[in-house]
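K.L.:
My numbering applies: residue 750 is where the sequence shown begins, and numbers increase by one. Idealized CB from N, CA, C, for every residue including glycine. Here you go, one structure.
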Amino acid sequence: MDALLAQYLLNWLVLASIYALVALGFSLLFGVLNVIHFSHGDVSITAPFVALAMIQILTGGMLGFDTVPAALIACLIAIAFVGLLGVLLDWLVIRRFRNAPAMMALVATVALGTVVRELIRSFYPQGSNPKPFPALVTGEVSLFGLTIPAFSLTVIVLCIAMVAALFALMRHTPLGMRIRAVAEDRNTARLMAINPSRMFAATFLLASAVGAIGGLFYASHAGVVRFDFGIQLGLIGFSAAVIGGLGSMQGAIIGSLLIAGIEMLAQALLADGASYRLVCIFVLVICVLVFKPSGLLGKPVFEKV
(Lines of atoms letter the chains of each structure in order from A and count residues from 1; the text may use other names and numbers.)
(Lines give C-alpha, C1' and ligand atoms only; values in the text may rest on other atoms or scores of the structure.)
Protein backbone atom coordinates (compact mmCIF):
# COMPACT_ATOMS: atom_id res chain seq x y z
CA MET A 1 0.00 0.00 0.00
CA ASP A 2 2.82 2.40 0.90
CA ALA A 3 4.58 1.59 -2.37
CA LEU A 4 1.37 2.22 -4.33
CA LEU A 5 0.82 5.57 -2.57
CA ALA A 6 4.42 6.57 -3.27
CA GLN A 7 3.94 5.71 -6.95
CA TYR A 8 0.81 7.86 -7.18
CA LEU A 9 2.59 10.76 -5.45
CA LEU A 10 5.53 10.43 -7.83
CA ASN A 11 3.26 10.37 -10.89
CA TRP A 12 1.43 13.40 -9.50
CA LEU A 13 4.65 15.40 -9.21
CA VAL A 14 5.85 14.34 -12.67
CA LEU A 15 2.59 15.31 -14.38
CA ALA A 16 2.37 18.57 -12.41
CA SER A 17 5.93 19.42 -13.48
CA ILE A 18 5.17 18.83 -17.16
CA TYR A 19 1.91 20.77 -17.04
CA ALA A 20 3.58 23.62 -15.15
CA LEU A 21 6.17 24.12 -17.90
CA VAL A 22 3.39 24.60 -20.45
CA ALA A 23 1.15 26.65 -18.13
CA LEU A 24 4.02 29.04 -17.35
CA GLY A 25 4.20 29.87 -21.04
CA PHE A 26 0.50 30.75 -21.15
CA SER A 27 0.78 32.95 -18.05
CA LEU A 28 3.95 34.65 -19.24
CA LEU A 29 2.50 35.49 -22.64
CA PHE A 30 -0.82 36.67 -21.21
CA GLY A 31 0.90 38.74 -18.54
CA VAL A 32 3.03 40.60 -21.09
CA LEU A 33 0.86 40.64 -24.22
CA ASN A 34 -2.61 40.31 -22.68
CA VAL A 35 -3.25 37.70 -25.38
CA ILE A 36 -4.29 34.07 -24.91
CA HIS A 37 -1.89 32.20 -27.19
CA PHE A 38 -3.97 29.12 -28.01
CA SER A 39 -1.36 27.70 -30.40
CA HIS A 40 1.17 27.43 -27.55
CA GLY A 41 0.45 23.73 -27.00
CA ASP A 42 0.94 22.93 -30.70
CA VAL A 43 4.17 24.94 -30.79
CA SER A 44 5.42 23.08 -27.70
CA ILE A 45 4.68 19.65 -29.16
CA THR A 46 6.75 20.54 -32.23
CA ALA A 47 9.85 19.93 -30.09
CA PRO A 48 9.57 16.10 -29.95
CA PHE A 49 9.27 15.92 -33.75
CA VAL A 50 12.34 18.11 -34.21
CA ALA A 51 14.20 15.98 -31.65
CA LEU A 52 13.26 12.74 -33.43
CA ALA A 53 14.47 14.11 -36.76
CA MET A 54 17.74 15.29 -35.23
CA ILE A 55 18.34 11.94 -33.49
CA GLN A 56 18.02 10.18 -36.84
CA ILE A 57 20.45 12.63 -38.44
CA LEU A 58 23.00 12.48 -35.62
CA THR A 59 23.00 8.68 -35.20
CA GLY A 60 23.05 7.86 -38.90
CA GLY A 61 25.24 8.57 -41.88
CA MET A 62 28.73 9.98 -41.36
CA LEU A 63 28.03 11.56 -37.95
CA GLY A 64 27.52 8.32 -36.06
CA PHE A 65 26.80 9.76 -32.59
CA ASP A 66 25.94 7.35 -29.79
CA THR A 67 22.27 7.33 -28.78
CA VAL A 68 22.61 9.15 -25.44
CA PRO A 69 24.67 12.17 -26.61
CA ALA A 70 22.61 12.29 -29.81
CA ALA A 71 19.38 12.52 -27.78
CA LEU A 72 20.82 15.29 -25.58
CA ILE A 73 22.06 17.34 -28.54
CA ALA A 74 18.77 16.75 -30.40
CA CYS A 75 16.74 17.99 -27.41
CA LEU A 76 18.86 21.15 -27.11
CA ILE A 77 18.44 21.83 -30.83
CA ALA A 78 14.68 21.21 -30.54
CA ILE A 79 14.37 23.66 -27.61
CA ALA A 80 16.28 26.35 -29.52
CA PHE A 81 14.25 25.69 -32.69
CA VAL A 82 10.90 25.96 -30.91
CA GLY A 83 12.00 29.11 -29.10
CA LEU A 84 12.85 30.73 -32.42
CA LEU A 85 9.64 29.34 -33.94
CA GLY A 86 7.66 31.19 -31.27
CA VAL A 87 9.45 34.43 -32.15
CA LEU A 88 8.80 33.83 -35.87
CA LEU A 89 5.08 33.17 -35.34
CA ASP A 90 4.81 36.34 -33.28
CA TRP A 91 6.52 38.34 -36.03
CA LEU A 92 4.44 36.81 -38.83
CA VAL A 93 0.99 36.69 -37.21
CA ILE A 94 0.45 37.56 -33.57
CA ARG A 95 2.03 41.02 -33.51
CA ARG A 96 -0.59 42.20 -35.99
CA PHE A 97 -3.31 41.67 -33.36
CA ARG A 98 -1.70 43.44 -30.39
CA ASN A 99 -4.03 46.41 -30.62
CA ALA A 100 -6.99 44.45 -32.01
CA PRO A 101 -9.98 43.21 -29.98
CA ALA A 102 -9.14 40.17 -27.85
CA MET A 103 -11.52 37.92 -29.80
CA MET A 104 -9.61 38.51 -33.04
CA ALA A 105 -6.31 37.50 -31.46
CA LEU A 106 -7.93 34.44 -29.88
CA VAL A 107 -9.36 33.22 -33.20
CA ALA A 108 -6.05 33.92 -34.94
CA THR A 109 -4.05 31.83 -32.46
CA VAL A 110 -6.56 28.96 -32.67
CA ALA A 111 -6.15 29.00 -36.46
CA LEU A 112 -2.38 29.23 -36.08
CA GLY A 113 -2.38 26.09 -33.93
CA THR A 114 -4.30 24.24 -36.64
CA VAL A 115 -1.76 25.35 -39.24
CA VAL A 116 1.15 24.11 -37.08
CA ARG A 117 -0.53 20.72 -36.54
CA GLU A 118 -1.31 20.24 -40.21
CA LEU A 119 2.21 21.21 -41.27
CA ILE A 120 3.60 18.51 -38.96
CA ARG A 121 1.10 15.96 -40.23
CA SER A 122 1.73 16.81 -43.89
CA PHE A 123 5.51 17.27 -44.04
CA TYR A 124 6.87 14.97 -41.33
CA PRO A 125 7.35 11.44 -42.76
CA GLN A 126 4.14 9.50 -42.04
CA GLY A 127 3.11 12.40 -39.85
CA SER A 128 -0.42 11.06 -39.29
CA ASN A 129 0.89 8.00 -37.44
CA PRO A 130 2.04 7.92 -33.79
CA LYS A 131 5.82 8.02 -33.42
CA PRO A 132 7.64 6.09 -30.67
CA PHE A 133 9.57 8.56 -28.55
CA PRO A 134 12.55 7.34 -26.52
CA ALA A 135 12.94 7.73 -22.78
CA LEU A 136 15.25 10.70 -22.36
CA VAL A 137 16.65 9.28 -19.11
CA THR A 138 16.81 5.60 -18.20
CA GLY A 139 17.67 3.68 -15.05
CA GLU A 140 16.55 3.94 -11.45
CA VAL A 141 17.66 5.83 -8.36
CA SER A 142 17.37 4.73 -4.72
CA LEU A 143 16.10 7.54 -2.50
CA PHE A 144 14.79 7.28 1.08
CA GLY A 145 14.51 3.54 0.69
CA LEU A 146 12.43 3.85 -2.48
CA THR A 147 13.42 2.95 -6.02
CA ILE A 148 12.54 5.90 -8.24
CA PRO A 149 12.80 5.98 -12.05
CA ALA A 150 15.60 8.33 -13.03
CA PHE A 151 13.33 9.95 -15.62
CA SER A 152 10.76 10.95 -12.99
CA LEU A 153 13.42 12.42 -10.73
CA THR A 154 14.96 14.29 -13.67
CA VAL A 155 11.63 15.82 -14.68
CA ILE A 156 10.88 17.04 -11.15
CA VAL A 157 14.37 18.42 -10.50
CA LEU A 158 14.65 20.13 -13.88
CA CYS A 159 11.19 21.64 -13.52
CA ILE A 160 12.09 23.10 -10.13
CA ALA A 161 15.35 24.44 -11.57
CA MET A 162 13.58 25.94 -14.60
CA VAL A 163 10.92 27.61 -12.46
CA ALA A 164 13.56 29.03 -10.11
CA ALA A 165 15.62 30.31 -13.05
CA LEU A 166 12.56 31.87 -14.68
CA PHE A 167 11.52 33.64 -11.48
CA ALA A 168 15.10 34.87 -10.95
CA LEU A 169 15.28 36.13 -14.53
CA MET A 170 11.99 38.01 -14.25
CA ARG A 171 12.73 39.53 -10.83
CA HIS A 172 16.47 40.14 -10.72
CA THR A 173 17.77 40.78 -14.24
CA PRO A 174 17.56 43.87 -16.50
CA LEU A 175 15.74 41.80 -19.14
CA GLY A 176 13.12 40.68 -16.64
CA MET A 177 12.58 44.22 -15.38
CA ARG A 178 12.14 45.46 -18.95
CA ILE A 179 9.61 42.71 -19.70
CA ARG A 180 7.67 43.58 -16.54
CA ALA A 181 7.79 47.27 -17.43
CA VAL A 182 6.28 46.55 -20.85
CA ALA A 183 3.63 44.33 -19.26
CA GLU A 184 2.72 47.15 -16.86
CA ASP A 185 2.53 50.02 -19.36
CA ARG A 186 3.86 49.89 -22.91
CA ASN A 187 3.73 53.63 -23.52
CA THR A 188 5.60 54.47 -20.33
CA ALA A 189 8.14 51.77 -21.17
CA ARG A 190 8.77 53.46 -24.52
CA LEU A 191 9.47 56.74 -22.72
CA MET A 192 12.09 54.86 -20.69
CA ALA A 193 13.87 53.79 -23.94
CA ILE A 194 12.53 50.22 -23.77
CA ASN A 195 11.60 48.72 -27.13
CA PRO A 196 8.32 46.77 -26.58
CA SER A 197 8.77 44.75 -29.77
CA ARG A 198 12.07 43.36 -28.51
CA MET A 199 10.51 42.49 -25.17
CA PHE A 200 7.64 40.72 -26.94
CA ALA A 201 10.17 38.69 -28.94
CA ALA A 202 12.12 37.84 -25.77
CA THR A 203 8.89 36.76 -24.05
CA PHE A 204 7.93 34.48 -26.94
CA LEU A 205 11.44 33.02 -26.97
CA LEU A 206 11.29 32.24 -23.24
CA ALA A 207 7.72 30.93 -23.23
CA SER A 208 8.19 28.75 -26.32
CA ALA A 209 11.52 27.32 -25.11
CA VAL A 210 10.06 26.43 -21.69
CA GLY A 211 7.01 24.93 -23.42
CA ALA A 212 9.34 22.89 -25.67
CA ILE A 213 10.91 21.31 -22.58
CA GLY A 214 7.41 20.45 -21.37
CA GLY A 215 6.60 18.95 -24.78
CA LEU A 216 9.73 16.79 -24.75
CA PHE A 217 8.98 15.51 -21.25
CA TYR A 218 5.32 14.89 -22.19
CA ALA A 219 6.29 12.78 -25.21
CA SER A 220 8.96 10.88 -23.24
CA HIS A 221 6.50 10.22 -20.39
CA ALA A 222 3.90 8.88 -22.85
CA GLY A 223 6.51 6.97 -24.88
CA VAL A 224 4.88 8.16 -28.07
CA VAL A 225 4.10 11.42 -29.83
CA ARG A 226 1.32 12.36 -32.25
CA PHE A 227 0.85 15.47 -34.34
CA ASP A 228 -2.35 16.32 -32.41
CA PHE A 229 -0.91 15.92 -28.90
CA GLY A 230 -0.63 19.70 -28.75
CA ILE A 231 -4.41 20.05 -28.46
CA GLN A 232 -4.65 18.15 -25.18
CA LEU A 233 -1.37 19.49 -23.81
CA GLY A 234 -2.41 23.04 -24.65
CA LEU A 235 -5.86 22.65 -23.09
CA ILE A 236 -4.44 21.23 -19.87
CA GLY A 237 -1.71 23.88 -19.69
CA PHE A 238 -4.23 26.64 -20.35
CA SER A 239 -6.62 25.18 -17.76
CA ALA A 240 -3.82 25.16 -15.17
CA ALA A 241 -3.06 28.81 -15.95
CA VAL A 242 -6.77 29.72 -15.69
CA ILE A 243 -7.18 27.93 -12.35
CA GLY A 244 -4.17 29.70 -10.89
CA GLY A 245 -4.98 33.03 -12.51
CA LEU A 246 -3.84 34.06 -15.98
CA GLY A 247 -0.74 36.20 -15.77
CA SER A 248 0.39 34.73 -12.44
CA MET A 249 3.36 32.37 -12.70
CA GLN A 250 2.83 31.20 -9.11
CA GLY A 251 -0.81 30.52 -10.00
CA ALA A 252 0.24 28.44 -13.02
CA ILE A 253 2.26 26.17 -10.73
CA ILE A 254 -0.59 25.81 -8.22
CA GLY A 255 -3.05 25.12 -11.03
CA SER A 256 -0.76 22.44 -12.45
CA LEU A 257 -0.51 20.74 -9.05
CA LEU A 258 -4.29 20.77 -8.68
CA ILE A 259 -4.95 19.43 -12.17
CA ALA A 260 -2.36 16.66 -11.84
CA GLY A 261 -3.82 15.79 -8.43
CA ILE A 262 -7.36 15.56 -9.82
CA GLU A 263 -6.06 13.39 -12.66
CA MET A 264 -4.33 11.01 -10.25
CA LEU A 265 -7.39 10.81 -7.98
CA ALA A 266 -9.66 10.08 -10.95
CA GLN A 267 -7.43 7.23 -12.09
CA ALA A 268 -7.08 5.83 -8.56
CA LEU A 269 -10.69 6.07 -7.36
CA LEU A 270 -12.90 5.75 -10.46
CA ALA A 271 -13.50 2.65 -12.52
CA ASP A 272 -11.86 3.30 -15.89
CA GLY A 273 -10.67 6.60 -14.41
CA ALA A 274 -8.24 7.20 -17.26
CA SER A 275 -11.24 7.75 -19.55
CA TYR A 276 -12.78 10.32 -17.20
CA ARG A 277 -9.69 12.23 -16.13
CA LEU A 278 -10.29 15.08 -18.60
CA VAL A 279 -13.91 15.31 -17.46
CA CYS A 280 -12.74 15.72 -13.86
CA ILE A 281 -10.15 18.31 -14.88
CA PHE A 282 -12.65 20.48 -16.72
CA VAL A 283 -15.23 20.16 -13.93
CA LEU A 284 -12.56 21.65 -11.67
CA VAL A 285 -11.97 24.45 -14.19
CA ILE A 286 -15.70 25.23 -14.33
CA CYS A 287 -15.95 25.30 -10.52
CA VAL A 288 -13.02 27.71 -10.23
CA LEU A 289 -14.43 29.99 -12.94
CA VAL A 290 -17.87 30.02 -11.29
CA PHE A 291 -16.66 30.86 -7.79
CA LYS A 292 -13.48 32.84 -8.59
CA PRO A 293 -13.42 33.92 -12.24
CA SER A 294 -10.01 35.60 -11.94
CA GLY A 295 -8.37 32.37 -10.72
CA LEU A 296 -6.95 31.44 -7.35
CA LEU A 297 -4.13 34.00 -7.45
CA GLY A 298 -5.40 36.23 -10.25
CA LYS A 299 -6.53 39.78 -9.66
CA PRO A 300 -9.79 41.15 -11.12
CA VAL A 301 -9.25 43.76 -13.80
CA PHE A 302 -11.39 46.88 -13.77
CA GLU A 303 -11.89 48.96 -16.89
CA LYS A 304 -13.24 52.49 -17.04
CA VAL A 305 -16.17 52.92 -19.41
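(1) Taking the CB atoms as reference points, tell me whether residue 761 and residue 1009 lie closer together than 8 Å.
(2) Decide yes or no for the touch test of the region 761-775 against the region 919-936: beta carbon pairs closer than 8 Å, at least 3 of them.
(3) Taking DSSP as the reference, what is the three-state secondary structure of residue 785?
(4) Would you report the Cα separation of residue 1040 and residue 858, rounded to the nearest angstrom?
(5) How long is the line joining the alpha carbons of residue 754 and residue 1021, rounded to whole angstroms?
(6) In terms of DSSP beta bridges, what is residue 892 paired with?
(7) In angstroms with no decimal places, state the Cα-to-Cα distance between residue 991 and residue 772.
(8) Who are residue 974's beta bridge partners in DSSP?
(9) Contact between the region 862-872 and the region 993-1006: three or more CB pairs below 8 Å?
(10) Can you tell me which of the three DSSP states residue 947 falls into?
(11) Once DSSP output is grouped into helix, strand and coil, what is the label at residue 1021?
(12) Quick one: what does DSSP say residue 999 is sitting in, helix, strand or coil?
(13) Residue 957 to residue 791, Cα distance in whole Å?
(14) Using only the heavy atoms of the ligand FMN, determine whether one of them is closer than 7 Å to the beta carbon of residue 767.
P.N.:
To lay it out plainly:
(1) yes
(2) no
(3) coil
(4) 28 Å
(5) 19 Å
(6) 895
(7) 9 Å
(8) 880
(9) no
(10) helix
(11) coil
(12) helix
(13) 10 Å
(14) The ligand FMN is absent from the structure shown, which contains no ligands of any kind.
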